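All letters in the sequence shown, in the order written, are residues 0 to 524 by numbering that gives the first Met the number 0. What follows is one structure encoded as structure tokens, with my remarks underneath.
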Amino acid sequence: MYLIDFFKKLFKSKNIGIIIWLVFNILIFIFPFISISPNYPILGLLCGIAVYVGTIAIVLSPLGEWFFRLINGCKKIIDPRIINRLTPLFNEVYARAKMNDPNLSPNIKLYMLNDHYPNAFALGRNTVCVTRGLLHLDDEKIKGIFAHEFSHLSNKDTDFLLFIYIGNLFMTCAFMIARVMIGIMSFILGVATSDDDDFDIIKGLRGLIFSYIADFFYVIAVGLYTKLGLILVRHSMRKQEYEADKFAYDLGYGEQLRDALTELLDVNETPKNFAANLMSTHPDTFSRIDKLNIYLFQNSYTENINFDKNTPTQKLSNEYAQATYTENVKKRESSNENSNILYKVLLSVSCIIIAFLTGYMFSKMNNNTISIKHTTPKSSQEQTIEQNNTKVNSNEVQLENNNQINTNSQDISDINLASKDFSNFSEQPSQNMTDLENISYLASNLPSVNFLIENFNSEELALLRNSIYAKYNRRFQTPRYSSYFSRKTWYRGEYDEVSERNFSQDEFDLLNNILIAEGKPTISR
């Protein structure tokens, strides 16, 4: 029920910046899950979504709220003098807010932050935190600030804020841990899979240094990403601040809040840490004061029915108030117009980035989808018929190309790999290209399964198969993620990703014939 209400209040036009940030955050969060499982992109996508939903549940739980209080230094108030002063003020405003919104949580607590800047903020569902500097204000002004914070709790603005900040923190911590683990794995596996089966410390250190450099740039990227998130949500959060001021006015604390904001203009202290981030998302204080004055002026003007409106003094006062109101409205509209232009530009750029990331992610999923069909070996009679048809087609092609017939005048039976030295066939990528010309010749002439069985033993067939895999590896560099897995698995022919770009048609047919001769399942594109 709570999550439903949360998302109902989230998906409003005023929260478009938060929605854009949410989509952007989801794409970035689940992208690594797809990247680390290229063979199963759908599974990676589902895992990323599941982890993200779990993160949301933790963020919006009391655990997330407690953690946020912890990292920002919000502590329970234990000083009796402060308790005796603030508790009655807090309870008075709490009671009025509860009457205005019966769905307000009944468990809201008051906490304190050791900061000299007079400020207060709400978070989660049950927390209002004031700074020690707020004690320098008088009681009425503190009530106005309390009323403003209860509005954030009522409108669930605090959940959005909690979701943004702790969501960023959880994602950053998760990826930092992942980066450290990848660095350790790259070092260990780089050593364990070094050439000649010995320990190559230099290669391991090189991989470790590379991982730390990548981690450094990753931290910079996360910082820029967080700033982008603040820019996107700033527009929505400023609207929330105006609504919170209106809520305080509706509770009867508009004048007190205005006076508190006016006094804060003269404060020389600057907010720190989380309070500084909050103030960066707030609208201009003068604009907030002007809006509160408009509410107060309109109310006093409509209720002052006992005053003679035709007296020169009142007429002059009304004209001055109206002129001031018009001037403030024009200034605010001009400021809002400039702000909206910048916001629309950033919104357009964000949409383009999201569209690019989405397209790139789905293209990666399509490229990484493997369509390998393992078929059961056909009967020997079917294999013989199929190979005879293949031989007929091959002979027709040879008759059409006289140059190829002259070039390939050597009979295929003259190729006796048993007389060749196979010791040069290595399982390492840098030492394996011994008989590529022989492989190409075999592929272009396509020996039948029976010919392969009669002329090659099992070891020679395995070496032929591995040579084809090695040729693929030479053509497309090393296999993806080879630094994290044993390269020997690839060169033993146990890596079975096959697509149209991997092999030519002749090489693909030769590979299938070798697999049939070895009694292994065939592969198809």
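Glycine included, C-beta positions come from ideal geometry on N, C-alpha and C. Since the structure is predicted, the reported quantities are computational estimates derived from the model, not experimental observations.
C-beta contact flag for residue i and residue j at 9 Å
{"i": "C73", "j": "L112", "result": "yes"}
{"i": "T126", "j": "I107", "result": "yes"}
{"i": "I15", "j": "S235", "result": "yes"}
{"i": "H147", "j": "R131", "result": "no"}
{"i": "E242", "j": "S104", "result": "no"}
{"i": "E254", "j": "L295", "result": "yes"}
{"i": "L525", "j": "C128", "result": "Here the chain covers residues 0 to 524 and nothing more, so residue 525 does not appear."}
{"i": "L122", "j": "F67", "result": "yes"}
{"i": "R95", "j": "D138", "result": "no"}
{"i": "L44", "j": "F28", "result": "no"}
{"i": "P176", "j": "W20", "result": "The residue asked about is misnamed: residue 176 is Ile in this sequence, not Pro. Not closer than 9 Å, so no."}
{"i": "I55", "j": "F159", "result": "no"}
Pairwise C-alpha distance: residue j and residue i
{"i": "Y51", "j": "N102", "result": "28 Å"}
{"i": "N456", "j": "L462", "result": "10 Å"}
{"i": "L231", "j": "L69", "result": "26 Å"}
{"i": "L291", "j": "L250", "result": "13 Å"}
{"i": "K155", "j": "I208", "result": "45 Å"}
{"i": "T157", "j": "R124", "result": "7 Å"}
{"i": "N99", "j": "N71", "result": "30 Å"}
{"i": "L509", "j": "P446", "result": "7 Å"}
{"i": "P117", "j": "D214", "result": "38 Å"}
{"i": "N394", "j": "E458", "result": "Note that N394 scores a pLDDT of 45, beneath 50, so its modelled location is shaky and nothing firm can be said."}
{"i": "I57", "j": "F120", "result": "21 Å"}
{"i": "K97", "j": "F145", "result": "13 Å"}
{"i": "Y39", "j": "G53", "result": "21 Å"}
{"i": "F216", "j": "D244", "result": "41 Å"}
{"i": "R80", "j": "A220", "result": "46 Å"}
{"i": "L59", "j": "C172", "result": "17 Å"}
{"i": "S34", "j": "K7", "result": "33 Å"}
Residue burial classification, residue i (beta-carbon count within 10 angstroms, cutoff 16)
{"i": "I467", "result": "buried"}
{"i": "P87", "result": "exposed"}
{"i": "D448", "result": "Per the sequence presented here, residue 448 reads as Val, with Asp not at that position. It is buried - the Cβ of V448 has at least 16 other Cβ atoms within 10 Å."}
{"i": "N305", "result": "At N305 the pLDDT is 44, less than 50, meaning the model places this residue with poor confidence and gives no usable figure here."}
{"i": "D78", "result": "exposed"}
{"i": "S286", "result": "buried"}
{"i": "V218", "result": "exposed"}
{"i": "E64", "result": "buried"}
{"i": "N24", "result": "buried"}
{"i": "L223", "result": "exposed"}
{"i": "L62", "result": "exposed"}
{"i": "D495", "result": "The predicted model places D495 with a pLDDT of 46, which falls under 50 and marks its position as unreliable, so this point remains unresolved."}
Contact set for residue i: own chain, Cβ-Cβ below 7 Å, skip 5 residues either direction
{"i": "S378", "result": "Any reading at S378 must be qualified, since the residue scores a pLDDT of 47, below 50, and its modelled position is unreliable; no value is offered."}
{"i": "L264", "result": "T284"}
{"i": "L460", "result": "L451, I513, A516, E517"}
{"i": "D197", "result": "Caution is warranted here: a pLDDT of 46 is assigned to D197, below 50, making its placement in the model unreliable, and no coordinate value can be reported."}
{"i": "I288", "result": "R257, L260, T261"}
{"i": "M180", "result": "none"}
{"i": "K519", "result": "none"}
Opening and closing residue of the alpha helix (DSSP H) in which residue i lies
{"i": "L62", "result": "61-70"}
{"i": "C46", "result": "40-58"}
{"i": "L514", "result": "504-516"}
{"i": "T86", "result": "79-99"}
{"i": "F28", "result": "15-34"}
{"i": "L263", "result": "253-263"}
{"i": "I522", "result": "Premise fails: I522 is in no alpha helix (DSSP H) and is neither H nor E."}
{"i": "L451", "result": "448-454"}
6 Å Cβ shell around residue i - same chain, five flanking residues per side excluded
{"i": "L514", "result": "T521"}
{"i": "E91", "result": "none"}
{"i": "F246", "result": "S150"}
{"i": "N511", "result": "T521"}
{"i": "Y252", "result": "K142, G143, A146"}
Start and end residues, beta strand (DSSP E) containing residue i
{"i": "K155", "result": "Segment: none, K155 is in no beta strand (DSSP E) and carries neither H nor E."}
{"i": "K108", "result": "108-112"}
{"i": "L120", "result": "According to the sequence displayed, residue 120 carries Phe and not Leu. 119-122 is the extent of the beta strand (DSSP E) around F120."}
{"i": "T126", "result": "126-130"}
Cutoff 8 Å; reference residue i; Cβ partners in own chain excluding five residues on either side
{"i": "I82", "result": "I76"}
{"i": "F89", "result": "L109, V127, F145"}
{"i": "V248", "result": "Rather than Val, the amino acid found at residue 248 in this sequence is Tyr. For Y248, where only same-chain residues beyond five positions count, the Cβ hits under 8 Å are L256, L291, Y294, L295."}
Contact test: residue i Cβ vs the ligand MG heavy atom, cutoff 8 Å
{"i": "I452", "result": "Here there are no bound small molecules, and the ligand MG is not part of this structure."}
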